[in-house]
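With the first letter of the sequence shown counted as 1, position 98 gets the number 98 in the UniProt record's numbering; the numbers rise by one all the way through.
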Amino acid sequence: MRSLADGVYVHGTVNGMELIFTADTGASRTVISSKAFDKLPSTMQPKLVRSASLVGAGGVPVPEVGKGSFEISLGPHKLIKEVIVADIEDEALLGYDILMGSGQGPANIILSQNKIVLDCKEIPVFQVGRGKCSRRVSVADDVKIPGFTETLVDVYIEREESDDCLMAAEYIVEPSNNFKDKY
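Spelled out as structure tokens, the structure:
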């Protein structure tokens with residue numbers, strides 16, 4: 001099995017075969033990888049029909065095999081859903097078409113409790129990359145820092161429950177790649 005990228009994942013099954021779903025709130029449709037589909041016994045593979053073209057992040061077209069009806073289990077939640085089979089890296093993407101729910105309202109993704117509540121059922125999730133701590137940082141005073149320079153400034157760093165509140169600490173604060181790209 002390949003290593004998982006940072007994200008939120010759900011153990012589930014598709015037509016009885018165990019898969020790891022990537023919870024993808026940006027995906028409008030649930031997608032199963034063509035590699036996972038090919039591993040299903042032929043008797044468990046539904047007939048696929050052509051579907052509308054699939055577009056990935058950044059507008060890049062994603063090669064697809066087709067769409068079909070699958071029996072999906074996510075923890076205690078079971079459903080039959082038409083999903084797309086396509087050439088994707090993840091085993092499966094859990095898209096908005098399932099996360100919007102079926103009458104009980106949309107799913108609540110509660111990362112602090114490692115669960116998704118969907119149609120009144122709790123589905124356990126696991127997170128990869130959660131140990132990489134990011135915290136809110138506020139500069140203590142107004143400071144002007146010329147571009148392309150480094151300086152030491154006093155800041156307030158949001159604490160977590162696991163922190164020792166009586167202990168002073170020194171941190172190196174680094175911007176995320178998203179912040180660097182934006183600013």
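Positions of the beta carbon are idealized from the N, C-alpha and C atoms, including for glycine.
Spatially closest choice to residue i from the options, by CA coordinates
{"i": "Ser-102", "options": "Lys-121, Gly-56 and Asp-38", "result": "Lys-121"}
{"i": "Pro-63", "options": "Ser-51, Ser-73 and Glu-71", "result": "Ser-51"}
{"i": "Asp-6", "options": "Asp-24, Ala-107, Gly-66 and Glu-18", "result": "Asp-24"}
{"i": "Ile-20", "options": "Ala-57, Met-44, Pro-61 and Leu-93", "result": "Leu-93"}
{"i": "Gly-59", "options": "Ala-27, Met-17, Ala-36 and Leu-111", "result": "Ala-27"}
{"i": "Ser-138", "options": "His-77, Val-55 and Pro-175", "result": "Pro-175"}
{"i": "Pro-106", "options": "Asp-181, Ile-32 and Gly-95", "result": "Gly-95"}
{"i": "Asp-119", "options": "Glu-89, Ile-98, Phe-148 and Val-173", "result": "Ile-98"}
{"i": "Arg-136", "options": "Arg-159, Lys-182, Leu-152 and Lys-144", "result": "Arg-159"}
Span of the beta strand (DSSP E), counted from its first residue to its last, around residue i
{"i": "Ile-88", "result": "That residue, Ile-88, is in no beta strand (DSSP E); it is neither H nor E in DSSP."}
{"i": "Leu-118", "result": "115-118"}
{"i": "Ile-98", "result": "Careful: Ile-98 lies outside any beta strand (DSSP E), inside the alpha helix (DSSP H) at 96-99."}
{"i": "residue 185", "result": "A question about residue 185 goes unanswered here, because the residues of the chain that appear run from 1 up to 183."}
{"i": "Met-17", "result": "17-23"}
{"i": "Thr-43", "result": "First-last for Thr-43: undefined, no H or E at that position."}
{"i": "Ile-157", "result": "155-157"}
{"i": "Ser-112", "result": "Counting along the chain, Ser-112 falls outside any beta strand (DSSP E), and DSSP gives it neither H nor E."}
Residues sharing a beta bridge with residue i, DSSP
{"i": "Thr-30", "result": "None, per the DSSP bridge assignment."}
{"i": "Leu-79", "result": "Ile-72"}
{"i": "Pro-61", "result": "Val-55"}
{"i": "Val-10", "result": "Phe-21"}
Separation of residue j from residue i, as counted between CA atoms
{"i": "Asp-142", "j": "Asp-154", "result": "10 Å"}
{"i": "Ala-86", "j": "Ile-157", "result": "43 Å"}
{"i": "Ser-34", "j": "Val-14", "result": "13 Å"}
{"i": "Arg-29", "j": "Pro-124", "result": "21 Å"}
{"i": "Val-10", "j": "Lys-47", "result": "26 Å"}
{"i": "Ser-73", "j": "Ile-116", "result": "13 Å"}
{"i": "Phe-70", "j": "Ile-80", "result": "6 Å"}
{"i": "Val-8", "j": "Val-128", "result": "7 Å"}
{"i": "Thr-43", "j": "Gly-16", "result": "12 Å"}
{"i": "Ile-88", "j": "Thr-149", "result": "42 Å"}
{"i": "Gly-12", "j": "Glu-91", "result": "11 Å"}
{"i": "Phe-37", "j": "Thr-22", "result": "16 Å"}
{"i": "Val-55", "j": "Pro-61", "result": "4 Å"}
{"i": "His-77", "j": "Asn-108", "result": "14 Å"}
Beta-carbon separation (whole angstroms), residue i vs residue j, contact threshold 8 Å
{"i": "Val-49", "j": "Gly-66", "result": "6 Å"}
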